[in-house]
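A.B. asks:
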Amino acid sequence: MKTIQLNSRPVGIPKLSDFKFVNKEKPTLADGEILLKANYISVDPYLRGRMMEGKSYVAPFELNKVMSSGMIAEVVESKLNGFSKGDHVSGMMEWKEFQTSKGEGLMKVDGSHVSLSVYLGVLGMTGLTAYLGLTEIGKPKAGETVVVSGAAGAVGSVVGQIAKIKGCRVVGIAGSDEKVEELKSKYGFDAGINYKTTTNMTQAIAECCPEGVDVYFDNVGGEISDAVMMNVNRFARIIVCGAISMYNATSVPMGPRVQPILIKNSALMQGFIVSNYTEKFGVAIPQLAKYVQEGKIISTETIVKGFDNVPQAFINLFEGKNKGKMIVEIEA
Ligand code: NAP
Numbered sequence: 061m062k063t064i065q066l067n068s069r070p071v072g073i074p075k076l077s078d079f080k081f082v083n084k085e086k087p088t089l090a091d092g093e094i095l096l097k098a099n100y101i102s103v104d105p106y107l108r109g110r111m112m113e114g115k116s117y118v119a120p121f122e123l124n125k126v127m128s129s130g131m132i133a134e135v136v137e138s139k140l141n142g143f144s145k146g147d148h149v150s151g152m153m154e155w156k157e158f159q160t161s162k163g164e165g166l167m168k169v170d171g172s173h174v175s176l177s178v179y180l181g182v183l184g185m186t187g188l189t190a191y192l193g194l195t196e197i198g199k200p201k202a203g204e205t206v207v208v209s210g211a212a213g214a215v216g217s218v219v220g221q222i223a224k225i226k227g228c229r230v231v232g233i234a235g236s237d238e239k240v241e242e243l244k245s246k247y248g249f250d251a252g253i254n255y256k257t258t259t260n261m262t263q264a265i266a267e268c269c270p271e272g273v274d275v276y277f278d279n280v281g282g283e284i285s286d287a288v289m290m291n292v293n294r295f296a297r298i299i300v301c302g303a304i305s306m307y308n309a310t311s312v313p314m315g316p317r318v319q320p321i322l323i324k325n326s327a328l329m330q331g332f333i334v335s336n337y338t339e340k341f342g343v344a345i346p347q348l349a350k351y352v353q354e355g356k357i358i359s360t361e362t363i364v365k366g367f368d369n370v371p372q373a374f375i376n377l378f379e380g381k382n383k384g385k386m387i388v389e390i391e392a
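Just so we're aligned, residue 61 is where the sequence shown starts under our numbering, counting upward by one.
1. Kindly give me the distance between the Cβ atoms of PHE79 and PRO371, rounded to whole angstroms, as I take these residues to be in contact under 8 Å.
2. Here's a check: name, in chain order, each residue in its chain whose Cβ is nearer than 8 Å to the Cβ of GLY210, leaving out the five neighbours to either side.
3. Can we say the region 147-157 touches the region 105-113, given the rule of at least three CB pairs closer than 8 Å?
4. Answer yes or no: the CB of THR189 versus the heavy atoms of ligand 1, is any distance below 6 Å?
5. Could you check how far apart the C-beta atoms of VAL240 and VAL207 are, in whole angstroms? I think they sit under 8 Å.
6. For GLU265 versus GLY198, is the C-beta distance shorter than 7 Å?
7. Can you have a look at ASP237 and say buried or exposed, based on whether 16 or more other CB atoms are within 10 angstroms of its CB?
8. Rounded to whole angstroms, how far is the Cβ of ASP286 from the Cβ of PRO316, which I believe are closer than 8 Å?
9. From this set, GLY130, LYS86, GLU354, LYS97, which residue's C-alpha is nearest TYR106's C-alpha?
10. For ligand 1, I want to know if ASP104 counts as a neighbour, meaning its beta carbon is within less than 6 Å of at least one of the ligand's heavy atoms.
11. If we call anything under 7 Å between Cβ atoms a contact, is VAL275 one with ARG297?
12. Relative to the C-alpha of GLU283, which residue among GLY272, THR258, CYS268, GLU267 is closest?
13. Return the chain-ordered list of same chain residues with a C-beta closer than 6 Å to the C-beta of CYS228, the five sequence neighbours on each side being excluded.
14. What is the rounded straight-line gap between the Cα of PRO70 and the Cα of LYS381?
15. Pair every Cβ in the region 350-366 with every Cβ in the region 323-335, then say whether three or more of these pairs are closer than 8 Å.
16. Just checking CYS268 against ligand 1 - is the residue's beta carbon closer than 6 Å to any of the ligand's heavy atoms?
17. Taking the beta carbon of PRO123 as the centre, do at least 16 other beta carbons fall within 10 Å, making it buried, or is it exposed?
18. Does the separation of the CB atoms of PHE332 and GLY213 fall below 7 Å?
19. To which residues of the same chain is MET94 closer than 6 Å at the C-beta, ignoring the five residues directly before and after it?
20. Any heavy atom of ligand 1 closer than 6 Å to the CB of ILE299?
21. Could you please give me the residues that DSSP links to MET289 through a beta bridge?
22. Identify the continuous alpha helix (DSSP H) that holds GLY220 and give its terminal residues.
23. Is it the case that the Cβ atoms of VAL103 and MET386 are separated by a distance below 7 Å?
24. To the nearest angstrom, report how far apart VAL334 and PHE81 are at their CA atoms.
25. Taking 6 Å as the cut-off, is the C-beta of GLY235 nearer than that to any heavy atom in ligand 1?
26. Over what stretch of residues does the beta strand (DSSP E) that includes PHE277 continue unbroken?
27. Using a threshold of 7 Å, state whether the C-beta atoms of GLU389 and LYS356 are closer than that.
28. What do you reckon, are the CB atoms on VAL118 and THR63 nearer than 7 Å?
29. Hey, is SER305 close to ligand 1, as in C-beta under 6 Å from one of its heavy atoms?
30. Could you have a look at THR186 and say whether DSSP puts it in helix, strand or coil?
31. Per DSSP, what kind of secondary structure is GLY384 in: helix, strand or coil?
32. What are the start and end residues of each continuous beta strand (DSSP E) run of 3 or more residues lying completely inside the region 61-110, in chain order?
33. Are GLY220 and TYR247 close, meaning C-beta to C-beta below 7 Å?
34. Leaving out five residues on either side along the sequence, give the residues of the same chain with a beta carbon under 8 Å from the beta carbon of SER68.
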């Protein structure tokens with residue numbers, strides 16, 4: 061069976077040669093274990109940070125060791141009480157076609173009503189990030205203006221739809237005309253901006269937000285966020301969720317200093333990590349499931365097929381090749 065290891069620490073945008081496929085014997089099962097077959101692998105921008113050395117909120121991947129991420133797997137054999145052959149589980153797992161587990165950190169998931177992959181998207185870390193970041197820090201009120209960057213991606217598209225449910229004016233920033241069109245036609249955003257073709261982002265945001273920006277859900281950082289910051293209102297809330305535009309930087313990117321903007325507007329800017337909110341997951345997941353069931357949140361996925369394509373699917377995130385959640389499906 062195949063596994064995927066970290067071959068080298070990337071410089072700039074990751075390359076295929078930063079990953080290494082290594083064949084291993086399929087594991088055998090001990091008492092108290094289950095044998096898992098990978099079904100779906102989530103590739104996420106934050107994994108770029110784990111490919112580097114240094115202190116962060118999760119440990120870095122080690123060179124020549126198997127990488128991991130959120131995955132859905134099928135129990136193909138069980139010697140563990142509570143798990144049966146044919147069950148599906150979600151959790152952090154290694155990038156291996158097969159692996160054993162003692163069941164720790166795994167949650168059973170039911171694919172009878174939704175595709176199992178949705179547990180990596182709207183009903184998984186993605187949806188939780190969008191919902192908890194927006195409601196816990198953003199606290200949007202009806203009539204306010206919410207701007208979201210990375211708007212056509214996994215987290216961004218859900219943030220915008222929740223902000224619409226809350227009665228806000230929603231403006232999304234994304235990297236192509238097609239994505240911007242879909243923000244409006246598919247998700248009901250009020251306006252969208254293509255940051256790749258807009259020369260004056262500060263002005264474009266001002267035009268789309270005539271009443272200013274009350275909540276900014278930041279997925280990208282960098283110059284896009286500098287431009288949003290120029291438009292924030294008094295008592296604005298800025299959720300710093302991601303900074304993908306800076307993840308591949310080889311030197312520290314500099315921009316305008318934010319302190320005077322925060323002071324002048326009594327604005328709140330707060331870093332957000334979804335794993336700090338585990339005690340709220342039990343409320344957030346049923347709420348997200350209800351929104352999906354009621355058709356208030358549309359779940360979008362970009363599915364890439366084949367274990368061999370995990371590294372390329374990950375690299376494609378940095379080229380904006382996904383709409384919604386980027387997921388690799390491992391064919392039977
Ligand atoms: P995603 O948005 O589905 O995929 C990444 C998107 O980022 C791409 O589709 C691309 O869209 C955009 N992008 C790539 N390079 C860019 C650049 N240089 N400038 C601007 N946009 C760029 O990924 P996601 O999983 O939903 O994650 C979104 C952000 O949230 C990431 O920064 C991620 O690290 C963060 N996140 C944080 C947490 C947390 O707990 N803090 C949890 C999950 C995710 P375009 O075509 O629009 O460029």
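Quick reminder that beta carbons are idealized off the backbone N, C-alpha and C, glycines included.
C.D. replies: With the structure as the only source:
1. PHE79 to PRO371, Cβ: 4 Å. Contact.
2. Exclusion of the five residues before and after GLY210 leaves GLY216, ILE233, ALA234, ASN279, VAL280, GLY302, ILE304 as the residues of its chain whose Cβ lies within less than 8 Å of its Cβ.
3. Taking one beta carbon from each stretch, the region 147-157 and the region 105-113 have fewer than 3 pairs nearer than 8 Å; the two do not touch.
4. Answer for THR189: yes, Cβ within range of ligand 1.
5. Not quite, the Cβ-Cβ distance comes to about 13 Å (not below 8 Å), so this is no contact.
6. In the sequence as presented, Glu is not what sits at residue 265; that position holds Ile. Cβ atoms of ILE265 and GLY198: not closer than 7 Å.
7. Exposed, by the Cβ-count rule.
8. Contact flag correct, Cβ pair sits at about 6 Å.
9. Answer by Cα proximity: GLY130.
10. The nearest non-hydrogen atom of ligand 1 is less than 6 Å from the C-beta of ASP104.
11. Yes. Within cutoff.
12. Selected option, being the one with the closest Cα: THR258.
13. So the list reads PRO200, GLU204, VAL206, once near-sequence residues are dropped.
14. Their Cα atoms are separated by approximately 20 Å.
15. Not touching, per the Cβ criterion.
16. No, ligand 1 has no heavy atom inside 6 Å of this Cβ.
17. With the sequence shown as reference, residue 123 is identified as Leu, and Pro is not the correct amino acid for it. With fewer than 16 other CB atoms across the displayed protein chains lying within 10 angstroms of its CB, LEU123 is exposed.
18. For PHE332 and GLY213, no; Cβs fall outside 7 Å.
19. Note that residue 94 is Ile in the sequence shown, not Met. These residues qualify, in order along the chain: VAL135, SER138, LEU140, PHE143, SER161.
20. Because no heavy atom of ligand 1 lies under 6 Å away, the Cβ of ILE299 does not count as near it: no.
21. Paired residues: none, contrary to the question.
22. Its alpha helix (DSSP H) spans residues 214-225.
23. It is a contact, given that the beta carbons lie within the stated cut-off.
24. Computed Cα separation, rounded: 30 Å.
25. The closest heavy atom of ligand 1 lies less than 6 Å from the beta carbon of GLY235.
26. For PHE277, the enclosing beta strand (DSSP E) starts and ends at 273-278.
27. No, they are not a contact pair.
28. Not closer than 7 Å, so no.
29. Result yes, Cβ under 6 Å from ligand 1.
30. THR186: helix per DSSP, three-state reduction.
31. Here GLY384 sits in strand by DSSP.
32. Taken in chain order, the complete beta strand (DSSP E) segments of 3 residues or longer contained in the region 61-110 are 62-66, 79-83, 94-102.
33. In terms of Cβ geometry, GLY220 and TYR247 form a close pair [threshold 7 Å].
34. Cβ within range, chain order: SER77, ASP78, LEU123.
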